[in-house]
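Below is one structure, written out as structure tokens, with a few remarks after it.
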Amino acid sequence: MDRCARARDWSEIQERMLVPLFDTVYDRLEVGPATRLLGLRCGSGLALLMAAARGAAVTGTDPVSPERLALARERLLPDARPGAGGA
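As numbered in the working numbering, residues 893 to 979 make up the sequence shown, in order.
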């Protein structure tokens, strides 16, 4: 299995458990259009994606896992060219 497929599989399994956590945290923090979120080691971008869905401005980086960062970029910037900037 290639590393990109493994990153996607890991994300699909883990994220099911994390969605309720992020929803609760973002509700308490009142994440919305006035929010700016920086994701360090953002992984597959779930936290950023959920914040962006609430109107937040998001930026992410993950120097440890380029495969997960590529997945985050694909999710957050579906029209971006490969290799163009961060997630």
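The beta-carbon is built from N, C-alpha and C at its ideal position, and this holds for glycine as well. Just so you know, these numbers come straight off a predicted model, no measurement behind them.
Quiz item: Which one of ALA939, TYR918, GLU922 and LEU930 has the shortest CA to CA distance from THR951?
Solution: From the listed residues ALA939, TYR918, GLU922 and LEU930, the smallest Cα separation to THR951 is found for LEU930.
Quiz item: Between the beta-carbon of ASP954 and the beta-carbon of GLY935, is there less than 8 Å?
Solution: When the beta-carbon positions are compared, ASP954 and GLY935 come within less than 8 Å of each other.
Self-check item: Same chain, Cβ closer than 6 Å to ALA948, five either side skipped, listed in chain order
Solution: Excluding five sequence positions before and after ALA948, the CB atoms of its chain that fall closer than 6 Å to its own CB belong to VAL923, THR927 and LEU929, given in chain order.
Self-check item: Same chain only: Cβ atoms within 8 Å of VAL911, ignoring 5 sequence neighbours per side
Solution: Residues of the same chain with a CB within less than 8 Å of the CB of VAL911, apart from the 5 flanking positions on each side, are LEU938 and MET942 in chain order.
Self-check item: Extent of the continuous beta strand (DSSP E) run through VAL950
Solution: Residues 949 to 953.
Quiz item: Secondary structure at LEU940, three-state DSSP: helix, strand or coil?
Solution: In the structure shown, the three-state DSSP call for LEU940 is helix.
Exercise. Pull up the DSSP beta-bridge partners for LEU929, would you.
Key: When DSSP reads this structure, LEU929 sits in a beta bridge with VAL950.
Practice problem: Can you have a look at GLU904 and say buried or exposed, based on whether 16 or more other CB atoms are within 10 angstroms of its CB? | Solution: Classification of GLU904: exposed, given that the 10 Å Cβ count is below 16.
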